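**Q**
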Amino acid sequence: MTELLKCVLAETGGGLILPIGVAVFGGTVGAKIIQRFHIPQIIGYIVIGVLLGPLLGFISQGAIGELEPFNVFALGIIGFLVGGELRREIFVKFGRQVAIVLLFEGLGAFLAVGILTFTVMIFFSGWQMALAISVVFAAICAATDPASTVSVLWEYKARGPLTAMLTAIVALDDALALVLYAIGVSVAGVITGHQEQGLASALGSSFYHIVGALALGAVAAFVLIWILKRTDDPEKVLAFTVGAVLVIIGLAANFHLDVIIATMALGVVLVNVEPRRMASCFSLMRRFSAPVYVLFFVLVGARLKLSGGNSMIWLLVMAYVVGSVAGKTGGSYLGAAYSKTVKSIRNYLGFCLYPQGGIAVGLLIMASRKFDSETSSIMLLVVIIGAFILQIIGPLGVKFGARKAGEIGLNITEDDLVKTYTVADVMDTEVPVVGADMSLSEVIKVVGGTDSSCYPVVDKDRTLVGAITLDGIRNTFSTQELNDWLVALDIAEPVAAKVTPDVALSEALEKIRRLDIEYLPVVAAGDGDKHVGILSLRSVRRRLGAEVLAKQKEADNKYARAVT
Amino acid sequence: MSSDVQLSRVLAPERVLVLHTTTKAEALRALADCLATAPEVGDREALCEGIFYREQLMSTGIGMGIAVPHVRLASVSGPVMAAGICRTPIADYESLDGVPVRLIFMIAAGKFQHVEHLRLLSSLSLRFKSEKLRDALIAAPDTLTFYHTLIRQED
């Protein structure tokens, strides 16, 4: 490396570039490995983070601190994308139910964590301190991390009432957490004597955080819509959108507004005011967000401090985790039962609300000012470890809930299916096979009676010797005098390429595209060229289209049942 | 698809034979050997094998004393033809109408030349609807007369 480059890197904080690169690369590798065990990829990112951070020391705590602005940016992007999921229909369909379930699951977690942490703390301190600390823990745990929840829903292509309800809940429980936090911190401040503002003032401040953020996001959304209406260039759309998210984050930080709520408001307004035009904008941002997500979650893992625990801390962690899990599961069940949601939401929504992320830690850092330094560092450690554990079990819970609700794989596209299928899954085995010795008149009869565009020609051992296409048949229209003495072999076209059933569909379709053909004959693997079927582009498209439609219909039916 | 094919492009005078064989197999072998001398044919064995395989599927004796054995092969670079006049009609050819074969036109084309191949077959088939031409070809005293009689039709 030249001195100049070293100088530039040092000047620009380039020392962070290598850890960032290794984190993104390593996180992606970790996700790939962990996906093989059918575990959500996000856990792979976090595990790699633990490996690179506390275990190997490659990502130092200093680097994590320097990357804090990146975390805020990632949260902003996540907020924007979660907002993009919140279409008007969800609120129209589930509005009342969302409000009730949100209140129940938030208060359930608040009560459960509050009681459990108070029970632990009472053994180590006076009741006042125990109450102050437990109220803060209780207030913080209500926030579900939208990033990991939505990431798992996207990874498993979930769609249906549970997915819709969950997206709405994770988008809104930040606001609930802020209100609970305001109350909790005020109460704690009164108890510990560090009170700087009264309850009314704290609530007013939360109101300002939330409503100000909503207003900022909404105003920015209308400006962005005005700009995006004037450009169709995807690169510019992406640049404008990322720019808008960054501006909102910066403004929200300057005016002490909630960053996630502000960018979420941007997403909500865009998706509801200009749904069609903005579809490509969200799709671009989703692609753009992939490495941002990876780095964000690797840093979640890297932030973990493995040393410095004592029995009180571990007991508090246990109380925090168990309380969060029990409170959210029980609370959402009761809320869903009270608001009469469908069974799938009632039974499984709770499992999907465990992930906790940076918001909890961020709120705790703010709250820790109300306590002395020793207590605040213990509280910070408890929340960091607790949120880490919940961040590991959370994605598993989301996957479990979505799977039990039958919503996994209902939001698939044709591209998703192509990635998972082999040729055997979609090949056409019903296409009539034409014997090489079949007379042309007979061939024309066969072709006339079916709607295939390609007919494999085989010899008496069923070995593929060619294929007859509709074009091939068309060529014989002007030579009908030959019909009686030509056989199928005479008009068969040689096959340009063939595949075996075990070949990945994506690979076979790539071959079809490269050769600019419409079909590929399928022959048995390792058995000469024995005919097995035909992979026709037309029938593959028809089949995949029908499957995607069926999945969408299934999801829509679930919606319909959820509403009636 | 037009059936208009210039036979002079695919048939050379030296690839017209007078056959004195009495069986289908001998006649096909002799004509295949002759056709294999054309520069377009790269593999004599493959040509022979292809011709006999095709005959197994269905006889190429199309009736009226005419046979058109044909094949498409990867080792052939372009449409090419050889012709044989059977002085002794070949009775074992199993023609569609059962009439012994007097004239054989052996055709080979490239594996991917199915259109040209069909066009050539069609062109021959249309020509032989003329009884006058058939008789003239059968009665041709030598190969050169045969060749010119056939080619003249194009003019």
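Going line by line, the protein sequences match chains A and B.
Start counting at 1 in the first sequence, then tack on 14, and there's your number in this note's numbering.
Start counting at 1 in the second sequence, then tack on 7, and there's your number in this note's numbering.
Every residue gets a Cβ at the ideal spot worked out from N, C-alpha and C, and that includes glycine.
Since this is a predicted model, take the numbers as computed values, not measurements.
Since residue 112(B) sits in a beta bridge, which residues does DSSP pair it with?
**A** The partner list for residue 112(B) (beta bridge, DSSP) reads 90(B).
**Q** Figure out for me which residue from 126(A), 531(A), 53(A), 476(A) has the closest Cα to the Cα of residue 417(A).
**A** When only C-alpha atoms are compared, the closest one is 53(A).
**Q** So, at 6 Å on beta carbons, what are the nonlocal neighbours of residue 184(A) in its own chain, with the 5 sequence-adjacent residues on each side left out?
**A** Hits under 6 Å: 158, 160, 163.
**Q** Since residue 89(A) is in the alpha helix (DSSP H), which residue starts that stretch and which ends it?
**A** Residues 82–99.
**Q** At 3 residues or longer, and completely inside the stretch 10–71 of chain B: list those beta strand (DSSP E) runs for me, N to C.
**A** Runs of the beta strand (DSSP E) inside the stretch 10–71 of chain B: 18–26, 68–70.
**Q** For residue 65(B), go through chain A and note every residue whose CB falls closer than 8 Å to its CB, in chain order.
**A** Simply 451, 453, 499, 501.
**Q** Within the continuous alpha helix (DSSP H) that includes residue 297(A), where are the two ends?
**A** 289–316 is the span of the alpha helix (DSSP H), which, as asked, contains residue 297(A).
**Q** Straight-line CA distance for residue 29(B) to residue 107(B)?
**A** Near 10 Å, if we compare the C-alpha coordinates of residue 107(B) and residue 29(B).
**Q** Does the stretch 82–102 of chain B touch the stretch 45–53 of chain B, meaning 3 or more C-beta pairs lie closer than 8 Å?
**A** Yes, the stretch 45–53 of chain B touches the stretch 82–102 of chain B.
**Q** State the beta-bridge partners of residue 80(B) as determined by DSSP.
**A** Its beta-bridge partners are 117(B).
**Q** Could you say which of 557(A), 217(A), 479(A) lies nearest to residue 118(B) if we only look at CA atoms?
**A** Of 557(A), 217(A), 479(A), the residue nearest in Cα terms is 479(A).
**Q** Closer than 6 Å by C-beta to residue 355(A): which residues in its own chain qualify, once you throw out the five before and the five after it? Chain order, please.
**A** Around residue 355(A): 111.
**Q** Does residue 245(A) come out as helix, strand or coil in the three-state DSSP assignment?
**A** Coil, per DSSP.
**Q** For the putative contact between residue 550(A) and residue 442(A), defined by C-beta atoms under 8 Å, what is the C-beta separation to the nearest angstrom?
**A** That pair is a contact at about 6 Å.
**Q** Can you find a C-beta in chain A that's less than 8 Å from the C-beta of residue 119(B)?
**A** Yes, its Cβ sits closer than 8 Å to a Cβ of chain A.
**Q** Who are the Cβ neighbours of residue 490(A) in its own chain at under 8 Å, not counting the five residues just before and after it?
**A** Counting only Cβ-Cβ distances below 8 Å, and skipping sequence neighbours, we find 454, 458, 496, 497, 500, 505.
**Q** According to a CB-to-CB cut-off of less than 7 Å, which residues of the stretch 119–146 of chain B neighbour chain A?
**A** Under the 7 Å Cβ criterion, the stretch 119–146 of chain B contributes 119, 121, 122, 125, 128, 129, 132, 133.
**Q** Grouping DSSP H, G and I as helix and E and B as strand, with all else coil, what is residue 566(A)?
**A** Here residue 566(A) sits in helix by DSSP.
**Q** Can you list the residues of chain A that residue 103(B) reaches, using a CB-CB cut of under 7 Å?
**A** Neighbours of residue 103(B) on chain A, chain order: 498, 499.
**Q** Would residue 341(A) and residue 122(A) be called neighbours here (beta carbons separated by less than 8 Å)?
**A** Cβ distance < 8 Å, so residue 341(A) and residue 122(A) count as in contact.
**Q** By the DSSP assignment, the alpha helix (DSSP H) with residue 37(A) in it spans what residues?
**A** Per DSSP, residue 37(A) belongs to the alpha helix (DSSP H) from 31–49.
**Q** With a threshold of 8 Å between beta carbons, is residue 486(A) in contact with chain B?
**A** Cβ-Cβ to chain B under 8 Å: yes for residue 486(A).
**Q** List, in chain order, every chain A residue whose beta-carbon is nearer than 7 Å to that of residue 36(B).
**A** Those within 7 Å of residue 36(B) in chain A number zero; the least Cβ separation is about 21 Å.
**Q** Does the beta carbon of residue 61(B) sit closer than 8 Å to a beta carbon anywhere in chain A?
**A** Chain A, which has a Cβ nearer than 8 Å to the Cβ of residue 61(B), makes this yes.
**Q** I want to see whether chain B comes within less than 8 Å of residue 490(A), judged by CB atoms only; does it?
**A** It does: the Cβ of residue 490(A) has a partner Cβ on chain B nearer than 8 Å.
**Q** Starting from residue 550(A), trace the alpha helix (DSSP H) in both directions and tell me its first and last residue.
**A** Premise fails: residue 550(A) lies in the beta strand (DSSP E), 545–550, not in any alpha helix (DSSP H).
**Q** Please go through the same chain and pick out, in chain order, the residues whose beta-carbon is closer than 8 Å to the beta-carbon of residue 477(A), but skip the five residues on each side of it.
**A** Cβ within range, chain order: 542, 543, 544, 545.
**Q** Please tell me whether, using a cut-off of 7 Å, the distance from the CB of residue 106(B) to the nearest non-hydrogen atom of the ligand PLP is below it.
**A** Among the components of this structure there are no ligands whatsoever, and the ligand PLP is therefore not found.
**Q** Taking three-plus beta-carbon pairs below 8 Å as touching, is the stretch 122–132 of chain A in contact with the stretch 299–313 of chain A?
**A** Because the criterion of three Cβ pairs below 8 Å is not met, the stretch 122–132 of chain A and the stretch 299–313 of chain A do not touch.
**Q** Within the same chain, show all residues whose beta-carbon is closer than 8 Å to that of residue 230(A), passing over the 5 residues directly before and after it, in chain order.
**A** Hits under 8 Å: 262, 265, 266, 269, 271, 276, 279.
**Q** Count the other CB atoms within 10 Å of the CB of residue 556(A); is the residue buried (16 or more) or exposed (fewer)?
**A** Burial call: exposed.
**Q** Along chain A, in chain order, which residues have C-beta atoms closer than 9 Å to that of residue 69(B)?
**A** Correct list: 496, 498, 499.
**Q** Pick from 176(A), 539(A), 423(A): whose alpha carbon is nearest that of residue 361(A)?
**A** With distances taken between Cα atoms, residue 361(A) lies closest to 176(A).
**Q** So is residue 33(A) buried or exposed if we call it buried at 16+ other beta carbons inside 10 Å?
**A** With 16 or more Cβ atoms within 10 Å of its Cβ, residue 33(A) is classed as buried.
**Q** Taking only beta-carbon atoms, is residue 505(A) less than 8 Å away from chain B?
**A** Yes, contact with chain B.
**Q** DSSP has residue 482(A) in a bridge; who is on the other side?
**A** Beta-bridge pairing links residue 482(A) to 469(A).
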